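Visitor:
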Amino acid sequence: MAGYEIDNATIRQLAEELGIDGIGVTTAEPFAELEEQLTNYRDLGHESGFEHPVIQERIDPRQTWPNAQSIIAIAMGYRTEQYVGAKKPAGLRGQMSVYAWGMDYHQVLKQKLDQLGKRLQELLGRPIEIYNTVDTGPLVDRAVAQRCGIGWLGKNCSIITDTHGSWVFLGQLVTDISIEPNVPSPPPQCGDCPDLCLKACPTKALVNPFMTDSSKCLSYITQMKGFVPEQYRAKLGRRLWGCDTCQVVCPKNKDVAFGTAIEFDPEPEYAFPDLMRLLDLSNKQFRREYGTSAAAWRGVKVMQRNAIIALGNMRETQAIARLLELLSQDERPEIRGTIAWALKKIDPDATREAVAHAYEVEEHAEAKQEMAWAIEDPA
Ligand code: SF4
Ligand code: SF4
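Position 158, counted from 1, in the sequence shown is what full-length UniProt numbering calls 158; the numbers after and before it change by one each time, with no gaps.
1) Let me check understanding here. Comparing Cα to Cα, which of Ile150, Leu279, Asn306 and Asn8 lies closest to Arg238?
2) Return yes when the Cβ of Val361 is within less than 8 angstroms of the Cβ of Ala340, no when it is not.
3) For Arg93, write down the residues that DSSP places opposite it in a beta bridge.
4) Take the Cβ of Gln285 as the centre, count every other Cβ of all protein chains shown within 10 Å, and call the residue buried at 16 or more, exposed below.
5) Bridge partners of Tyr131, per DSSP?
6) So the candidates are Arg62, Pro209, Ala372 and Tyr105; which of them puts its Cα closest to the Cα of Trp167?
7) Look up residue 409 in the DSSP assignment and give the residues it is bridged to.
8) One question on the structure: do Ser178 and Glu316 come within less than 8 angstroms of each other, judged by their Cβ atoms?
9) List, from N- to C-terminal side, the alpha helix (DSSP H) runs of 4 residues or more that fit wholly inside the stretch 192-274.
10) Sort Ala73, Ile150 and Pro202 by Cα distance to Asp114 and report the nearest one.
11) In the DSSP assignment, the beta strand (DSSP E) including Ala32 goes from what residue to what residue?
12) Could you please give me the residues that DSSP links to Thr27 through a beta bridge?
13) Is any non-hydrogen atom of ligand 2 found closer than 7 angstroms to the C-beta of Val249, if you look at the structure I gave you?
14) Short of 7 angstroms in beta carbon distance, which residues of its chain neighbour Ser214, apart from the five on each side in sequence? Order them along the chain.
15) Quick check on DSSP: helix, strand or coil for Cys136?
16) Specify whether the stretch 127-135 and the stretch 325-337 touch according to this definition: at least 3 beta carbon pairs, one from each stretch, less than 8 angstroms apart.
17) Using the rule of at least 16 other Cβ atoms within 10 Å of the residue's Cβ for burial, across every protein chain shown, is Asp141 buried or exposed?
18) Looking only at its chain, what residues have a beta carbon closer than 7 angstroms to the beta carbon of Gly19, apart from the 5 residues adjacent to it on each side?
19) Please report the straight-line C-alpha distance between Asn283 and Ile320, rounded to a whole angstrom.
20) Have a look at the DSSP bridge pairing and note the partners of Ile179.
21) Between Arg352, Gln304, Ala294 and Gly226, which lies nearest to His364 when the distance is taken from Cα to Cα?
22) Residues in the same chain with beta-carbon distance under 6 angstroms from Ala379, minus the five sequence neighbours each way, listed in chain order, please.
23) Which residue wins for smallest C-alpha separation from Gln318, given the options Ala295, Thr292, Gly299 and Thr351?
24) Report the CB separation of Gly171 from Thr133 in whole angstroms; it is logged as a contact under 8 angstroms.
25) Gln223 to Arg298, Cα distance in whole Å?
26) By alpha-carbon positions, which one of Asp7, Ala271 and Gly154 ends up nearest to residue 394?
27) Measuring alpha carbon to alpha carbon, tell me which residue in Val144, Glu17 and Ala75 is nearest Pro30.
28) Report yes if the C-beta of Asn156 is less than 7 angstroms from at least one heavy atom of ligand 1; otherwise report no.
29) Can you tell me which of Ile308, Met303 and Gly102 puts its alpha carbon nearest to the alpha carbon of Pro266?
30) Exposed or buried, what is Asn67 when buried is set at 16 or more other beta-carbons lying within 10 Å of its beta-carbon?
31) Check whether the Cβ atoms of Glu35 and Ile59 lie closer than 8 angstroms to each other.
32) Please classify Thr161: is it buried, with 16 or more other beta-carbons within 10 angstroms of its beta-carbon, or exposed?
33) Starting from His106 and walking both ways along the alpha helix (DSSP H), at which residues does that stretch end?
34) So, with DSSP's three-state summary, where would you put Leu153?
35) Less than 7 angstroms separating the Cβ of Asp274 from some heavy atom of ligand 2?
36) So if DSSP puts Ala75 in a beta bridge, which residue, or which two residues, is it bridged to?
And the structure:
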């Protein structure tokens with residue numbers, strides 16, 4: 001460990017003490033190889049808009065933290081043992097991505113990183129600079145994880161760990177102390193897998209191996225504001241938040257270990273929200289009921305819009321009466337317009353007259369356009 005203030009074995013021991021499933025270290029040297037890739041990705045228009053806007057800050061840790069010496073990456077498995085027995089409760093239910101079945105990972109990983117930082121300070125017996133990021137930092141978390149030896153990049157753009165597959169959350173701790181780095185993970189190990197993820201993607205968002213067009217990815221689409229473009233609505237099925245398809249089909253995700261954090265044990269109402277109940281929640285009620293879920297940050301409107309699409313895709317006649325009430329009462333155009341779409345999917349004949357009435361009084365252009373489509377006779 002010549003020249004390092006902390007050796008790698010100590011870091012692994014701390015991870016074990018703190019219940020961190022995977023840990024690795026790299027230097028704070030720039031990720032120069034990413035510059036071309038990120039620029040290309042932006043030029044192709046594949047960004048979702050959630051990315052950090054300054055490419056130089058994404059590739060060079062010292063642009064943000066001038067004294068940075070080392071980066072510790074952590075991985076926490078989110079499919080716990082309870083995942084296997086998780087059952088859908090009775091009623092009309094939507095489906096959340098598995099990562100949102102338990103408590104918000106931002107809080108859980110942040111807590112682990114805070115504890116880790118505290119332990120490092122105790123070990124050195126002096127204050128040190130520590131910056132924790134989970135999702136919201138400038139760095140490309142997958143590139144950091146790869147260089148820290150946490151896992152390799154799959155063609156589905158997920159980091160795949162040896163222990164937990166790609167069912168992991170990633171977090172980082174940047175510090176001004178020098179820590180013995182890990183050997184980086186190997187290059188992609190997809191081997192002879194016949195691109196199962198690319199073939200299974202419902203929207204062909206995996207445009208090439210290792211390249212997602214985020215604007216087509218259902219995970220992004222469930223989180224976008226406004227109207228969901230019509231071509232993606234049927235593809236959403238019952239999805240309310242996120243999409244697991246390219247992970248579910250991946251053979252590297254079979255027979256992997258369960259995560260150890262009980263915070264990620266599935267909460268049935270988070271995993272399979274009651275669609276009709278969701279429609280009636282105020283923003284305040286939503287925050288109270290779903291506030292500790294990773295899907296809560298966008299607020300209730302996006303979730304209600306997705307619930308309406310799910311009811312449309314499920315052709316749920318039980319939902320018609322409530323949808324008609326909301327069509328005439330709801331103040332939000334995305335909700336009124338999406339309801340018109342859903343009603344046509346569920347029962348166009350029974351609902352055409354009511355939608356035509358709503359069309360007459362509708363003032364919002366996009367909502368009106370949805371209603372116009374809904375009252376057209378089928379071609
Ligand atoms: S998350 Fe879903 S939509 Fe996005 S790339 Fe994977 S399979 Fe495709
Ligand atoms: S499904 Fe196959 S090609 Fe896709 S990430 Fe997994 S191993 Fe790689």
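All C-beta atoms, glycine included, are put in the ideal place defined by N, C-alpha and C.
In this text the structure is predicted, and so the values were computed from the model without any measurement.
Guide: Reading from the atomic positions:
1) Asn306
2) Against a cut-off of 8 angstroms, the Cβ pair of Val361 and Ala340 comes out as no contact.
3) Asp274
4) Burial is judged here by how many other beta carbons sit within 10 angstroms of a residue's own beta carbon; Gln285 has fewer than 16 and is exposed.
5) Per DSSP, the beta bridge partners of Tyr131 are Val174.
6) Tyr105
7) Nothing in the structure corresponds to residue 409, since the chain is present only between 1 and 379.
8) no
9) 196-200, 218-221, 230-236, 245-248 and 268-271
10) Comparing Cα positions, the closest option is Ala73.
11) No beta strand (DSSP E) holds Ala32; DSSP gives it neither H nor E.
12) Note: Thr27 sits in a beta bridge opposite Ser70.
13) yes
14) For Ser214, same chain residues with a beta-carbon under 7 angstroms away, outside a window of 5 residues either side, are His46, Glu47, Ser48 and Tyr220 in chain order.
15) It should be noted that the sequence gives Thr, not Cys, for residue 136. Three-state DSSP puts Thr136 in coil, outside helix and strand.
16) no
17) buried
18) Excluding residues within five positions, the ones whose Cβ falls inside 7 angstroms are Thr260 and Ala261.
19) 23 angstroms
20) Ile6
21) Gly226
22) Per-residue confidence for Ala379 stands at a pLDDT of 48, beneath the threshold of 50, marking its modelled position as unreliable; no derived number is given.
23) Answer by Cα proximity: Thr351.
24) 7 angstroms
25) 7 angstroms
26) This structure cannot speak to residue 394, because the chain is shown only from 1 to 379.
27) Val144
28) Remark: the C-beta of Asn156 is in contact range of ligand 1, defined as less than 7 angstroms to any heavy atom.
29) Gly102
30) exposed
31) In this structure, Glu35 places its C-beta atom within 8 angstroms of the C-beta atom of Ile59.
32) With 16 or more neighbouring CB atoms inside 10 Å of its own CB, Thr161 falls in the buried class.
33) Tyr105 to Leu124
34) strand
35) no
36) Gly22 and Leu170
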